[in-house]
Amino acid sequence: MNVFILDDNYDCMNLLNNEIKTLFPNFNVHSFTSYQDLLKEISNNPNCIIFLDIVMPKISGISLTNLIHKNYENIPVILYSGAKREMFDVYDCFHIYFIEKPFTKEKIEKAMEKAISYLEKNYFSFSFAKMTTILPIASICYFESCGRAIKLVGNQKNYIFYKKLDDVESKLEMNFLRVSKSFLVNPQFIKQIEKNKVLLKDVNNQNSLKEITISRKYLKKVLECKIFS
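This is how it looks when you write it as structure tokens:
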């Protein structure tokens, strides 16, 4: 997961950059002084958390936040400022947290925790080899239990992490459909039900399965799923 910072003050930008790296070493932190460069990077890597200074020379943080939210509504934006008169402007845009300068470690940590909590509604996070990965739920095709490990099959690539499939199912609540002891499927990637198997839509991931057998235990629940009614 990436964290992007936009600020024209190098001291503030570097302080924020260093604190986030210290508090959350598994995140990739990148700093920008140009909002055009930031927008370009967001288009390439929309899975991110953004810190924006409200007072910028060419575009206000408020206007930029509205622009970002219009195109990427699930990106959490954290605004900050030391200018008292600008603080009430934050109510004119969607953001998940505001930090008043000067920065403190506690304020930054709380802001990041708010962003991560927000992401969990639309994203799935897991850790493997001391690295945390956060993916949009909409990009996950299915989970497959492989012994003690879980294979996450996305629409672009696959991942491996250690967890029980029951725990994954519990965390995702109603977003995924259990079709067998070993498979948890995203209904959005199901093309149709055929007898005792689900046929999956074609995705860019060439290593994904095209069909998954539904076990007898879960067949009734799958057939009763509202998306097939």
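One rule links them: number in our numbering = place in the sequence shown (from 1) + 42. C-beta atoms are modelled at their ideal positions from N, C-alpha and C, and glycine is treated no differently. All values derive from a computational prediction rather than experimental measurement.
How many angstroms separate the CA atom of Tyr184 from the CA atom of Lys112? Numbered from 1 along the sequence shown, position 142 holds the residue referred to as residue 184. Numbered from 1 along the sequence shown, position 70 holds the residue referred to as residue 112. Taking the straight line joining both Cα atoms gives about 29 angstroms.
Quick check: what's the CA-CA separation for Asp50 versus Asp208? Reading the sequence shown from its first residue, position 8 is the one you call residue 50. Reading the sequence shown from its first residue, position 166 is the one you call residue 208. Taking the straight line from one Cα to the other gives about 47 angstroms.
Please report the Cβ distance between Ile176 and Met43, rounded to the nearest whole angstrom; I am assuming they are in contact, meaning their Cβ atoms lie under 8 angstroms. On the sequence shown, residue 176 is found 134 positions in, with the first residue counted as 1. On the sequence shown, residue 43 is found 1 positions in, with the first residue counted as 1. That pair is a contact at about 4 angstroms.
Own chain partners of Ile91 with C-beta closer than 6 angstroms, once the 5 adjacent residues on each side are dropped: Here residue 91 is taken as the residue at index 49 of the sequence shown, counted from 1. The answer, listed in chain order, is Val45, Pro118 and Ala157.
Would the stretch 190-206 count as touching the stretch 158-173 if we require 3 or more Cβ pairs under 8 angstroms? Yes, they touch.
Pull the bridge partners of Thr146 from the DSSP assignment, please. Your numbering for residue 146 matches position 104 in the sequence shown. DSSP, once it has assigned bridges, lists no residue as partnering Thr146.
Could you pull the start and end residues of the alpha helix (DSSP H) that Tyr204 belongs to? Numbered from 1 along the sequence shown, position 162 holds the residue referred to as residue 204. It is not in any alpha helix (DSSP H) - Tyr204 instead sits in the beta strand (DSSP E) that spans Asn200 to Tyr204.
Only counting the same chain, and skipping five residues up and downstream in sequence, which positions put a Cβ closer than 6 angstroms to that of Ile62? Your numbering for residue 62 matches position 20 in the sequence shown. For Ile62, where only same-chain residues beyond five positions count, the Cβ hits under 6 angstroms are Val45 and Val71.
Would you call Gly103 buried or exposed, if buried means 16 or more other Cβ atoms sit within 10 Å of its Cβ? As a first step, residue 103 is located in the sequence shown; it is residue number 61 there, counting from the start. Counting of Cβ neighbours within 10 angstroms places Gly103 among the buried residues, the total reaching 16 or more.
For Leu58, the nearest candidate out of Ile235, Lys149, Leu106 and Lys263 (CA to CA): In the sequence shown, residue 58 corresponds to position 16, counting from 1. For the residues Ile235, Lys149, Leu106 and Lys263, the minimum Cα distance to Leu58 belongs to Lys149.
Among all the DSSP beta bridges, which residues are the ones paired with Ile96? For the purposes of this step, residue 96 is taken as the residue at position 54 of the sequence shown. Partner(s): none; Ile96 has no beta bridge.
What is the DSSP secondary structure of Ile256, counted as helix, strand or coil? By 1-based counting over the sequence shown, the position of residue 256 is 214. Coil.
With respect to the beta strand (DSSP E) encompassing Glu236, which residues constitute its N-terminal and C-terminal limits? If you number the sequence shown from 1, residue 236 lands on position 194. Run containing Glu236: Ile232 to Glu236, per the beta strand (DSSP E) assignment.
Please determine, among Lys259, Gln198, Val245 and Arg190, the residue with the shortest C-alpha to C-alpha distance to Leu219. The residue given as residue 219 occupies position 177 in the sequence shown. When the alpha-carbon of Leu219 is set against those of Lys259, Gln198, Val245 and Arg190, the nearest one is in Lys259.
Under 7 angstroms Cβ to Cβ from Val227, same chain only, skipping five residues before and after it: list those, please. On the sequence shown, residue 227 is found 185 positions in, with the first residue counted as 1. Around Val227: Tyr184, Phe218, Leu219, Val221, Val240 and Ile254.
Suppose the cutoff is 8 angstroms on Cβ atoms and the five residues either side in sequence are ignored; what does the same chain contact list for Lys100 look like? Here residue 100 corresponds to residue number 58 of the sequence shown, with the count starting at 1. For Lys100, where only same-chain residues beyond five positions count, the Cβ hits under 8 angstroms are Tyr77.
Top-ranked residue by Cα proximity to Asn87, from Ala191, Tyr114 and Ile192: As a working mapping, residue 87 is identified with position 45 in the sequence shown. Closest by C-alpha distance to Asn87, out of Ala191, Tyr114 and Ile192, is Tyr114.
Would you mind reading off the limits of the alpha helix (DSSP H) that contains Ser85? As a first step, residue 85 must be located in the sequence shown, where it is residue number 43. Segment Tyr77 to Asn86, the alpha helix (DSSP H) holding Ser85.
N-terminal and C-terminal residue of the alpha helix (DSSP H) that Ile110 is part of: Within the sequence shown, the letter at position 68 stands for residue 110. Note, Ile110: alpha helix (DSSP H), Gly103 to Asn113.
DSSP beta-bridge partners for Arg220? Within the sequence shown, the letter at position 178 stands for residue 220. Per DSSP, Leu226.
If you draw a straight line from the alpha carbon of Thr75 to that of Val97, how long is it in whole angstroms? In the sequence shown, counting from the first residue as 1, residue 75 sits at position 33. In the sequence shown, counting from the first residue as 1, residue 97 sits at position 55. When rounded, the separation of the alpha-carbon atoms in Thr75 and Val97 is 12 angstroms.
Three or more C-beta pairs below 8 angstroms linking the stretch 185-201 and the stretch 232-252: With a cut-off of 8 angstroms, the stretch 232-252 and the stretch 185-201 count as touching, because enough Cβ pairs lie within range.
Leaving aside the five residues before and after Leu80 along the sequence, list all residues of the same chain whose C-beta is less than 7 angstroms from its C-beta, in chain order. As a first step, residue 80 is located in the sequence shown; it is residue number 38 there, counting from the start. Counting only Cβ-Cβ distances below 7 angstroms, and skipping sequence neighbours, we find Phe46, Leu48 and Phe74.
Please state whether the Cβ-Cβ distance between Phe231 and Leu214 is less than 8 angstroms. Counting from one through the sequence shown, the residue named residue 231 turns up at place 189. Counting from one through the sequence shown, the residue named residue 214 turns up at place 172. Contact: no.
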